[in-house]
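Notes to accompany the following structure.
Chains as they are written, first to last, in our numbering: chain A, 117 to 653; chain B, 117 to 653.
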C-alpha cells in the first residue's frame, strides 16, 4: 500500500495534491484580501541543515543498538523529513528552509529490545529521544525543547500485526504500522479498527495510542483510547507491560497514564486493541438544522438517547456556507444548504442501518432537522481526508489556514464556542482583514462534545507566524477560561503545554513530573512535551 | 432513609439478618461437615480496645480542623465500628474481639477545606489517615500497615448532592453520600446512577470512585469509573481538580489515576458522574444453558454483538445447583435448573425492552439457551443484596464463607476459571472436607468478562484464618499465573498488594510510588494500601 514518503513541505502524498478551485481563489481575494504568495517553498536540495551533534562513537553505538548502520541516518534529507510535525507554523517554517529543530540523526529500531538498547545508549550519552510514528503532530510534539543533541526514533520497521484473538476480538500491533495497512491486515481476518482520524493515511498505531487519537467514527467505534486493552512500553528504566483484562479494579488504570503520554514517558512498542467485525454496509446522509444551537441540541439528543450513528458531525453556519464539508465545492456558496449541515453515518447490516436511520428520521424532524438525503453525506465521506491537502494549496496561494479544537460538557458548549470564535476573530482582525472562523462538532459523548475550529485568513506579510501565535494564545486562553480542555484529540505537545498546566493545576503537573522522573530519570524522553523541560520553581 | 449503623460484627442492618434455612443447615452438615460454632461473637461492650495513641494536643488540633470537638471521636465503640472492613477474615477477627487495627480516633470533617486542614494536622504529627466511606472494603483497605497512630477519616458529614446538570446529564456529589440516598436524591430530578453493587445499601459515592466499583447492571450503565467525569481530591500537598470534558487528549487521564487509588493518593471530596433518566420499566428473566462453557459463549455473543441487557450474569453448574442465585431457595437442589442459570435484566421503555428481549429470544436458543421465564430473574433481583447477610448466618452456623473475583479476556476465561477453582479446592480440601466452590460471570465487556467465586467450607477449628489464607494465596497465585487481574471490582487494599505488584511489575510499582510521594511526601495516606509501606530495594 503506502510506499511513498510524506511530502516534506506539506501534507501527504505529493501525487494527491489538491489544486485550489477557482471559486476558492476568488473567495480568498474578495472576502479575506489574500494576495498571491511571494515565494514558493525553498527546494529540498537547497535547504541547509546544521551538522549532526552526535559524535561518531555515539552514532556507532546507536547502530549497534538498532541492529545495523543502515538503521541510523544522519543525512540531510532524512533529518529534514523528521523535522517538526504538520501544524501550519511547522509547514511555514520548513517551507522557508528553517531547520533549527532537525534531529541529529534518525534511528530505526526493529524490535522492543532494540528500542530498549537505543534508549540505553541515549541515556548514557545524554541524547534526547523523540518517538516518530507518522510524523503528523500538529502541536509541536516532535520539536523537543531544552535539549542538546536528539534523535528521531522512527518506528516504521516495527510495522507488524502480531496476532489476532478472534474470540476476544482483540489484535496486537507493533507501533509503527500505518493505519491503512493495519486496516488491510485486519480485514484479512474479517475485522476493522473503525478508526479514521483525518491523519488516517499517515498516522501509526503507536501514534494513535500516544496521542489519544479520536477518529471520525468515534460515536460508533469509540476513541482510540477506548479501544486499547493492553500496552507494552520501553523506558530508560525498563519495560512496562499493562492490560490483563478489559477492565480491572486493581488500582489506578496505568494504561491511561501511557495513553496521551506523547513519548514523554516511554516508547510504546506494542498495542493491543479491541477490533470489530467489518460492517456489511455503510450509509451516510445529510441533515439541515436552522442554527448551530438547534443542531447541537439534536446531536445531544442522539448522543444521550439514540439512535447513535457511527459518524455524527455538525458544521456551524459559517462552515456550512463555505461548504467545507464538501471540499470540491468550497466557496461555491450555492449548495443550497443554509443553516447548519449535519452528517450522519451508519454502519452494520442493512437491517441495523435501516432501524437506526428510521429512528433518526423520527427524532430529528422533531428537533427542526430537515433531511437532505445521501448526497451531502457521501460527499463528506469521499472528501474526509482531503482537508490537509487543501491547506497546502491555501498556503501556496498566500492564505493562512489552521485548525484547533477543544471539548467540554454540553451545558458549556455555547459559551466555549462563542469565547473561542470571538477571541480568534478579534486578534486576527487586528491584522487588517477579518478571518474566516468555522467550527464543527465531530465527537459526541452522553455528557458533552468536541468543538473543532478552522481558521482561514490572509497571511500577515510582516510576521505571519507571530500574528498567528497571538491568535492561538488568545484562543487557548479562551478555552481554559471557558472551562474547556486544551485539546480533545490533537494533544499537548510543546504548543499547548502552558495551558495544559493551567488545566490540570500545579499538583497535576507535579504528578506528571514525578511519573516522568520515575521512568526517565535523565529526562531524555521528548523533553519539553507535556512537562516543561526544567521544573518551574 | 438509612439511619442505622452498619452491624459492627457483620453486614448491614441488624434488622435484616437472614436466618439460615434448614435446607442450608442440612447441606452444610452433610456436604461440608460443618459443625455448629463453638462461640458466639464477643459482646460489643466486652471488647477491649487499646488506648488511643493520639496526644490531647493532636486531638484538639483535629477538632479545630474538623470544625468542632464533636467531630473527633476516640470512644471505644466508634473506634470498633471503624476497625477493618467486611471481608470474612475481618469479621472473624472482630467477632473474636480482636481490635489491634482499631483507629486511634474517628474524625468527621464537613467540607473539602476541613479535609485539607485535617490532612495538614496529620502530616504535621505523623498521623496516618484512612478515608472511610461505607466501611465495606473486603480487601484490607481499612487496615493500614507500618503505621503508629492513625485516624479513620469518616466522610459521612459530606453527604450532599451538590448539583445536577440536566443538559449534560451529570451530577456532582460529595463523597460520603450513601448509594440509596444518592438514588433517592437523583430520582427527584428524574435521574438514576444505575449503580447497584452488592454493597449498595452501605457503600458511598466516594468509595465507589476510590475503589472502581462495578454494579450489577454494569452491562447497561457501565462501571462506576466509566461514569465519573470529574473529581476533586484533597491531598497533603493541596487540591487536585480534574475533568473539564467527558474525554480529552490533553495528556494522560489523571482521573484514571485517582480512580482506584483507594485513599493512598488523597481523599476524594467531590465526584461528578454521568447520570441517566430513570427507566420506565424493568424486566428480568432466567435462561438455562447446558454448561458453563455454553453459557459463557452466549454471554460473549451478547456482549460483542448484542442485544445487550443491562444485567447479564451466568452461574456455573455448582452455583446453579446450590441455588445461590435465589438465596431463599439455597440448598433446595430442586429448582429444576440443571446446567447453568443465566439472569438477564432489561430496562427502558416497554418498547425498548420488548425489542431487546425479542432479539435475545432469537439469539440465545441458537446458542443452546432455554428460556425459563421471569421467575428466576425476579428472584435474583429481589435477593440481590442478601448474600452478605447470609454470610453472617453461615459464620454463626460454624461455616466459612468468602468470595473472590478476577477478570480476563474471553479467550482466557476457561483457563482462569479452571485454575482458580482447582487451587481453591486443592488447598481447602487439605482441611478435611472439600469446599463448595461456586462461580458466576457478572460483568461483561466486548473483549472479556469477570469471574466471581464464592467458597463455602467447614471452618478449620485449629486455625480457620490461617487455613483460608493458604487457600486465598493459592487462588491469587493461580489468578496471576493464568493471566487474570488480581481484582475486577473488589480492589487491592493490603490483601492483594503483593499480587498487584506482580500484575503491574516493578516499574509499574515505581510509578505508583512516585505518584504517592508527590502528593503524600510524609506517606500518611492509607499506608500499605496499593503500595508497600517501605519501598522494597
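For each residue, glycine too, the CB sits at the ideal point set by N, CA and C. As the structure is a prediction and not an experimental result, all values here were calculated from the model.
{"Check": "Between residue 203 of chain A and chain B, is any beta-carbon pair separated by less than 8 angstroms?", "Outcome": "no"}
{"Check": "Less than 8 angstroms separating the beta-carbons of residue 277 of chain B and residue 221 of chain B?", "Outcome": "no"}
{"Check": "Buried or exposed for residue 635 of chain A, going by 16 or more other Cβ atoms inside 10 Å?", "Outcome": "buried"}
{"Check": "Classify residue 279 of chain B: buried if its beta carbon has 16 or more other beta carbons within 10 angstroms, exposed otherwise.", "Outcome": "exposed"}
{"Check": "For the candidate residues B:502, B:512, B:299, B:418, whose alpha-carbon lies nearest to that of residue 311 of chain B?", "Outcome": "B:299"}
{"Check": "Where does the unbroken alpha helix (DSSP H) through residue 436 of chain A begin, and where does it stop?", "Outcome": "433–438"}
{"Check": "Just verifying my parser: in three-state terms, what is the DSSP assignment at residue 247 of chain B?", "Outcome": "strand"}
{"Check": "For the pair the stretch 471–481 of chain B and the stretch 418–437 of chain B, tell me if three or more CB-CB distances fall below 8 angstroms.", "Outcome": "yes"}
{"Check": "By DSSP, does residue 278 of chain B sit in helix, in strand, or in coil?", "Outcome": "strand"}
{"Check": "Counting Cβ pairs closer than 8 angstroms, one from the stretch 144–163 of chain A and one from the stretch 522–539 of chain A, do we hit at least three?", "Outcome": "no"}
{"Check": "What does residue 375 of chain A touch in chain B if you count any residue whose Cβ is under 8 angstroms from its own?", "Outcome": "368, 369"}
{"Check": "Would residue 608 of chain B pass as an interface residue toward chain A - the criterion being a Cβ-Cβ separation below 8 angstroms?", "Outcome": "yes"}
{"Check": "Give the straight-line distance between the Cα atoms of residue 234 of chain A and residue 241 of chain A, rounded to the nearest whole angstrom.", "Outcome": "11 angstroms"}
{"Check": "So what does DSSP say about residue 655 of chain B, is it helix, strand or coil?", "Outcome": "The requested residue 655 of chain B is not part of the displayed model; chain B covers only 117 to 653."}
{"Check": "Would residue 461 of chain B count as contacting chain A if we go by Cβ distances under 8 angstroms?", "Outcome": "no"}
{"Check": "For residue 449 of chain A and residue 439 of chain A, what's the separation of their Cα atoms in angstroms?", "Outcome": "The pLDDT assigned to residue 449 of chain A is 49, lower than 50, so where the model puts this residue is not dependable; a value taken from the coordinates is nonetheless given after this. In a straight line, the C-alpha of residue 449 of chain A is about 7 angstroms away from that of residue 439 of chain A."}
{"Check": "In chain order, what residues of the same chain have a beta carbon less than 8 angstroms from the beta carbon of residue 512 of chain A, not counting five sequence neighbours either side?", "Outcome": "136, 153, 156"}
{"Check": "Short of 6 angstroms in beta carbon distance, which residues of its chain neighbour residue 461 of chain B, apart from the five on each side in sequence? Order them along the chain.", "Outcome": "400, 425, 426, 427"}
{"Check": "Kindly list, in the order they appear in chain B, the residues whose Cβ is closer than 8 angstroms to that of residue 533 of chain A.", "Outcome": "Result: empty, since nearest Cβ-Cβ is about 14 angstroms, beyond 8 angstroms."}
{"Check": "What whole-angstrom Cβ distance do residue 197 of chain A and residue 275 of chain A have, given they're in contact under 8 angstroms?", "Outcome": "About 17 angstroms; that fails the 8 angstroms criterion."}
{"Check": "If contact means a Cβ-Cβ distance below 7 angstroms, which residues of the stretch 496–530 of chain A contact chain B?", "Outcome": "523, 524, 525, 526, 527"}
{"Check": "Closest to residue 569 of chain A by C-alpha separation, out of A:562, A:604, A:575, A:581, would be which residue?", "Outcome": "A:604"}
{"Check": "What's the C-alpha gap between residue 504 of chain A and residue 251 of chain A?", "Outcome": "14 angstroms"}
{"Check": "Starting from residue 624 of chain B, trace the alpha helix (DSSP H) in both directions and tell me its first and last residue.", "Outcome": "613–635"}
{"Check": "Three Cβ pairs or more, each shorter than 8 angstroms: is that satisfied between the stretch 403–418 of chain B and the stretch 377–389 of chain B?", "Outcome": "no"}
{"Check": "Taking a Cβ distance cut-off of 8 angstroms, strictly less, list which residues of the stretch 602–636 of chain A are near chain B, in chain order.", "Outcome": "602, 603, 604, 605, 606, 607, 608, 612, 616, 619, 620, 621, 622, 623, 624, 626, 627, 628, 629, 630, 631, 633, 634, 635"}
{"Check": "Can you give me, in chain order, the residues of the stretch 348–361 of chain B that have a beta carbon less than 8 angstroms from any beta carbon in chain A?", "Outcome": "351, 353, 354, 355, 356, 357, 358, 360, 361"}
{"Check": "For the alpha helix (DSSP H) that contains residue 147 of chain A, what are its first and last residues?", "Outcome": "138–148"}
{"Check": "What residues of chain A sit near residue 345 of chain B, judged by a beta carbon separation below 7 angstroms?", "Outcome": "563"}
{"Check": "Report the CB separation of residue 224 of chain B from residue 187 of chain B in whole angstroms; it is logged as a contact under 8 angstroms.", "Outcome": "4 angstroms"}
{"Check": "Residues of chain B with a CB under 7 angstroms from the CB of residue 284 of chain A: which are they?", "Outcome": "525, 526, 527, 563, 564"}
{"Check": "Hey, would you say the C-beta of residue 193 of chain B is under 7 angstroms away from at least one heavy atom of the ligand NAD?", "Outcome": "Questions concerning the ligand NAD fall outside what the structure shown contains, since it holds no ligand whatsoever."}
{"Check": "Looking at the structure shown, is residue 449 of chain B part of a helix, part of a strand, or coil, going by DSSP?", "Outcome": "With a pLDDT of only 49 at residue 449 of chain B, under 50, the local geometry of the prediction cannot be trusted, and the value read off the model is given with reservation. It is coil, neither helix nor strand."}
{"Check": "Where in the stretch 506–541 of chain A do unbroken runs of the beta strand (DSSP E), each at least 3 residues long, occur, reported from the N-terminal end onward?", "Outcome": "515–525"}
{"Check": "Using 10 angstroms around the beta-carbon of residue 260 of chain B, count the other beta-carbons present and answer buried if the total reaches 16, otherwise exposed.", "Outcome": "buried"}
{"Check": "I'd like the ranges of any alpha helix (DSSP H) spanning at least 4 consecutive residues and lying wholly in the stretch 285–337 of chain B.", "Outcome": "295–303, 321–326, 334–337"}
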